[in-house]
Amino acid sequence: MKHFKKITEKDIKELVPFAEKIWKEHYYTCVDKGLTDYVFELFLSETAIKQQLDEGSNYYYVYTDESDDRAGYFSFYPKDGRMFLSKIYLEKEFRGKGISSDVLDFIKTEARKEDLHEIFLHVNRDNTRSIEAYKHLGFYVEKELDTDMGDGFVSRDYVMGMKI
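My numbering runs 119 ahead of the 1-based position in the sequence shown.
In structure tokens:
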């Protein structure tokens, strides 16, 4: 069994190093290190997370009943008539244990409360493990998206979607 705890502005200082550990452990294996570090600063610095919370993003920690340790975190918000799954990151030892399915069920419930009937996300095209996990959860590839991130970095993503 999993449970979630909403992350608020007072939790940001604690979240950033936790997020950085998971982010770098995962992305250094499949994405350019420079891009990984650059994107972390853009989207997961204290300033970036505070701004996202101020703009309506929902952040949650994931816990398991077997442990008081955080298993990971996730974030989502309504965008363009759909629910955008912005982040879902789990510690390595918690991957492959059904936690992502529980997170997705929670987000589906939140989407329905907003009368939204689709969830979508962006995933780097070189992140094959996550792409396969998303497909297993029921997402499909909608399109490729290349985004200029600035400083000479380009994020090469898939946009993946799911009807709910």
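Where a beta carbon is used, it is the ideal one built from N, C-alpha and C, also for glycine. Please read all numbers here as calculations on a predicted model, not as lab measurements.
*In whole angstroms, what separates the C-alpha of Phe213 from that of Glu139?*
Phe213 and Glu139: Cα-Cα distance of roughly 16 angstroms.
_Cα-Cα separation, Glu128 to Arg248_ = The alpha-carbon atoms of Glu128 and Arg248 are separated by roughly 31 angstroms.
*What three-state label does DSSP hand Leu256 in the structure shown?*
When DSSP states are grouped into helix, strand and coil, Leu256 belongs to the helix group.
*Could you work out which residue in Asp130, Gly200, Ser164 and Thr266 is closest to Lys232 when comparing CA atoms only?*
It is Gly200 whose Cα lies nearest to the Cα of Lys232.
*In DSSP terms, what Asn177 is bridged to*: Here Asn177 is bridged, per DSSP, to Phe195.
_Presumed contact (8 angstroms Cβ cut-off) between Leu161 and Pro197, rounded CB distance_ = 21 angstroms between Cβ atoms; not a contact.
*Contacts around Leu154, its chain only, beta-carbon distance under 6 angstroms, and the 5 residues preceding and following it disregarded*: Cβ-Cβ distances below 6 angstroms link Leu154 to Phe272 in the same chain, with the five nearest sequence neighbours on each side left out; the list follows chain order.
*May I have the straight-line CA-CA distance separating Arg189 from Tyr208, to the nearest angstrom?*
The straight-line gap from Cα to Cα measures roughly 11 angstroms.
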